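Participant: Take a look at this one; I'll ask things after.
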Amino acid sequence: SAVISQKPSRDICQRGTSLTIQCQVDSQVTMMFWYRQQPGQSLTLIATANQGSEATYESGFVIDKFPISRPNLTFSTLTVSNMSPEDSSIYLCSVPYGVADTQYFGPGTRLTVL
Amino acid sequence: GENVEQHPSTLSVQEGDSAVIKCTYSDSASNYFPWYKQELGKGPQLIIDIRSNVGEKKDQRIAVTLNKTAKHFSLHITETQPEDSAVYFCAPGDDKIIFGKGTRLHILP
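Next up, the structure:
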């Protein structure tokens, strides 16, 4: 299995500021995904982080608001920019790994914007 | 894109009874059908999955059945225990998975 860690685990931020979330995987993986889970809701895919190229964003999500870096095959960052209270969510990274490309998830970053 | 529906949204069962959660999807190209369990304060964890060339898979008290023609798959939990209380998500797809809205399962003592 793939072991995924995220930093920070939680944060409380002021509106208008930005927060960068880190995702570290213990193995090299081709694809990494970033999800948002709003309180009491399901997971929504934000973007696919591609190594060596720009991230691919899903409908409703834009690079200016959620810039993503993917400097190597084990690491990615997601920045939540110019935050508002509506950005309060859990942000999760995930990777497909193994022969069957099983999807593994990080523990999540719980963000509260005041 | 994939349209995923999950039923029921909430399910309460007596401890020891069985629980069944159903997921329907729209993309006939989907060939990967996982179920995730999410406990409070944690990320989703894969509990069982099935590929499109198989109709049923079982792992102890948990099973998944797939009807590709009807485009639905179900999670079956037998002999439910208190620790089965959680939110369960289906997430059909392939390279990219789309989550259902989730089912909150309560196991009653």
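Protein sequence lines, in the order shown, are assigned to chains A and B. Going by our numbering, the first sequence opens with residue 1, and the numbers climb by one from there. Going by our numbering, the second sequence opens with residue 1, and the numbers climb by one from there. Glycine is no exception: its CB is placed at the ideal position from the N, C-alpha and C atoms. Quantities reported herein were computed from a predicted structural model and do not represent experimental measurements.
1) What does L46/B touch in chain A if you count any residue whose Cβ is under 8 angstroms from its own?
2) At a Cβ cut of 9 angstroms, what residues of the segment 18–49 of chain B count as close to chain A, listed as they run along the chain?
3) Going by DSSP in three states, E54/A sits in which element: helix, strand or coil?
4) Going by the CB atoms, is the gap between T20/A and T77/A shorter than 7 angstroms?
5) Does the Cβ-Cβ distance between L46/B and T30/A come in under 7 angstroms?
6) For T109/A, count neighbouring Cβ atoms within 10 angstroms of its own Cβ and tell me buried if that reaches 16, exposed if not.
7) According to DSSP, is P109/B helix, strand or coil?
8) Just reading off the beta strand (DSSP E) that N67/B is part of, what are its end residues?
9) On the DSSP bridge list, what partners appear for R110/A?
10) Taking 7 angstroms as the cut-off, decide whether the C-beta atoms of Q38/B and V87/B are in contact.
11) Work out the CA separation of E79/B and F66/A for me, nearest whole Å.
12) With a 10 Å radius around its C-beta and 16 neighbouring C-beta atoms as the bar for buried, classify P34/B as buried or exposed.
13) Compare the C-beta of S42/A against all C-beta atoms of chain B and say whether one is closer than 7 angstroms.
14) I want to verify the contact list: residues of chain B whose CB lies under 9 angstroms from the CB of P107/A, in sequence order.
15) Using a C-beta cutoff of 7 angstroms, does G73/B count as contacting chain A?
16) Rounded to the nearest angstrom, what separates P8/A and S27/A at their Cα positions?
17) Where N53/B and Q60/B are concerned, what is the direct C-alpha to C-alpha distance, given to the nearest angstrom?
18) Could you check whether the Cβ of Y104/A sits closer than 6 angstroms to any heavy atom belonging to the ligand FAD?
19) Pick from G43/B, S74/B, D17/B and A63/B: whose alpha carbon is nearest that of V4/B?
20) Taking the C-alpha atoms as reference points, what is the distance between Y35/A and A19/B?
Facilitator: Let's see:
1) Against chain A, a Cβ distance below 8 angstroms from L46/B picks out T102, Q103 and Y104.
2) Contacts with chain A (Cβ-Cβ distance below 9 angstroms) from the segment 18–49 of chain B involve Y32, P34, Y36, Q38, G41, K42, G43, P44, Q45, L46 and D49, listed in chain order.
3) In the structure shown, E54/A sits in coil (DSSP, three-state: anything other than H, G, I, E or B).
4) Yes, the Cβ-Cβ distance between T77/A and T20/A is below 7 angstroms.
5) Between L46/B and T30/A, the CB-CB gap reaches or exceeds 7 angstroms.
6) Buried is the call here.
7) P109/B: coil per DSSP, three-state reduction.
8) That run of the beta strand (DSSP E) goes I62 to N67.
9) R10/A and I90/A.
10) Annotated as proximal: Q38/B and V87/B, with beta-carbon spacing under 7 angstroms.
11) Approximately 44 angstroms between the Cα atoms of the pair.
12) With 16 or more other Cβ atoms within 10 Å, it is buried.
13) In terms of beta-carbon proximity, S42/A lines the interface with chain B, with at least one pair separated by less than 7 angstroms.
14) Those are G41, K42 and G43, listed as they occur along chain B.
15) Gly is not the amino acid found at residue 73/B; the sequence shown has Phe there. Not one beta carbon of chain A lies nearer than 7 angstroms to the beta carbon of F73/B.
16) One C-alpha to the other measures close to 20 angstroms.
17) Using only the alpha carbons, I get a separation of about 21 angstroms.
18) Among the ligands in the structure shown, none appear at all, so the ligand FAD cannot be discussed.
19) The residue with the shortest Cα to Cα distance from V4/B is S74/B.
20) Cα to Cα, Y35/A sits roughly 28 angstroms from A19/B.
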